Amino acid sequence: QKEVEQDPGPLSVPEGAIVSLNCTYSNSAFQYFMWYRQYSRKGPELLMYTYSSGNKEDGRFTAQVDKSSKYISLFIRDSQPSDSATYLCAMSASGTYKYIFGTGTRLKVLA
Amino acid sequence: GAVVSQHPSWVICKSGTSVKIECRSLDFQATTMFWYRQFPKQSLMLMATSNEGSKATYEQGVEKDKFLINHASLTLSTLTVTSAHPEDSSFYICSADIEETQYFGPGTRLLVL
């Protein structure tokens, strides 16, 4: 079993839809949870950073962490064609710099 | 936000040659940088952790004599792919650690002929 599981997609949605992206993990030591967006042939861009459980909102993006279920989510409201990219979840434990990444979910928002 | 640059953005080389990739943090000092490799439609694979002033820490299965990492200053880390072969063709991405958050460079695409 991988430490971090993420559905690779592709996930296709119409413009304006609410998108839900998810990752599950097995290591209960993870405390830091990140979501990155990666456009084709580009480096990942940090979208959201969350420590421990709870919700965090930034514009159209909301990150949720449920440590009891070992499940994290990223919601995108009013999705736009420019949101079409691969979304990577990443997590790390306290005291370590090392991130564990999901495989990424490819999202396509159709105009 | 934090900015990390990489140079070159792409490189084509002949088999057997060595290629150096630079990773710079532009507006902050980074004690720790990371080098990743990414194959098409796959996630990031950590190759090594680069620490300023000390030897890099390589992940299991990564040849340290083939992928030489130097972190000579707080703003620059370099990855040298020595005696490159076609199987080394990939997308190489660096990141810099700022307060336990990694900020990534734009990546370097390497093609070895």
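Residue numbers (my numbering), protein chains in the order written: chain E, 92 to 202; chain L, 5 to 117.
The beta-carbon is built from N, C-alpha and C at its ideal position, and this holds for glycine as well.
Since the structure is predicted, the reported quantities are computational estimates derived from the model, not experimental observations.
request  = Please name the residues in the segment 166-182 of chain E whose beta-carbon is closer than 9 Å to at least one beta-carbon of chain L, in chain order.
outcome  = T177, L179, A181
ask   = Would you say the segment 155-169 of chain E touches the segment 106-123 of chain E, given that touching needs at least three Cβ pairs under 8 Å?
value = yes
ask   = Since L:I97 meets chain E, which of its residues come closer than 7 Å, beta carbon to beta carbon?
value = Chain E residues near L:I97: G134.
ask   = In terms of residue numbering, what span does the beta strand (DSSP E) encompassing L:N55 cover?
value = In the DSSP annotation of this structure, the continuous segment of the beta strand (DSSP E) that includes L:N55 starts and ends at 48-55.
task = Flag this pair as touching only if the segment 169-176 of chain E and the segment 68-84 of chain L have three or more C-beta atom pairs under 8 Å; answer yes or no.
result = no
key: Continuous beta strand (DSSP E) stretch holding L:V66: start and end   = In the DSSP annotation of this structure, L:V66 is not part of any beta strand (DSSP E), being labelled neither H nor E.
key: Proximal chain C residues relative to L:Q106, where beta-carbon distance stays under 7 Å   = The structure shown contains no chain C; its protein chains are E and L.
ask   = What's the gap between the Cα of E:R197 and the Cα of L:P44?
value = 12 Å
inquiry  = Is L:D101 close to chain E? Criterion is C-beta to C-beta, closer than 9 Å.
reply    = yes
Nearest to E:A181 (by Cα), restricted to the options E:L201, E:S175, E:F152, E:R128 = E:R128
message = I'd like to confirm the pairing. Which residues does DSSP put opposite E:P105 in its beta bridges?
response = E:L201
Reduced DSSP secondary structure (H/G/I, E/B, other) of L:S77 = strand
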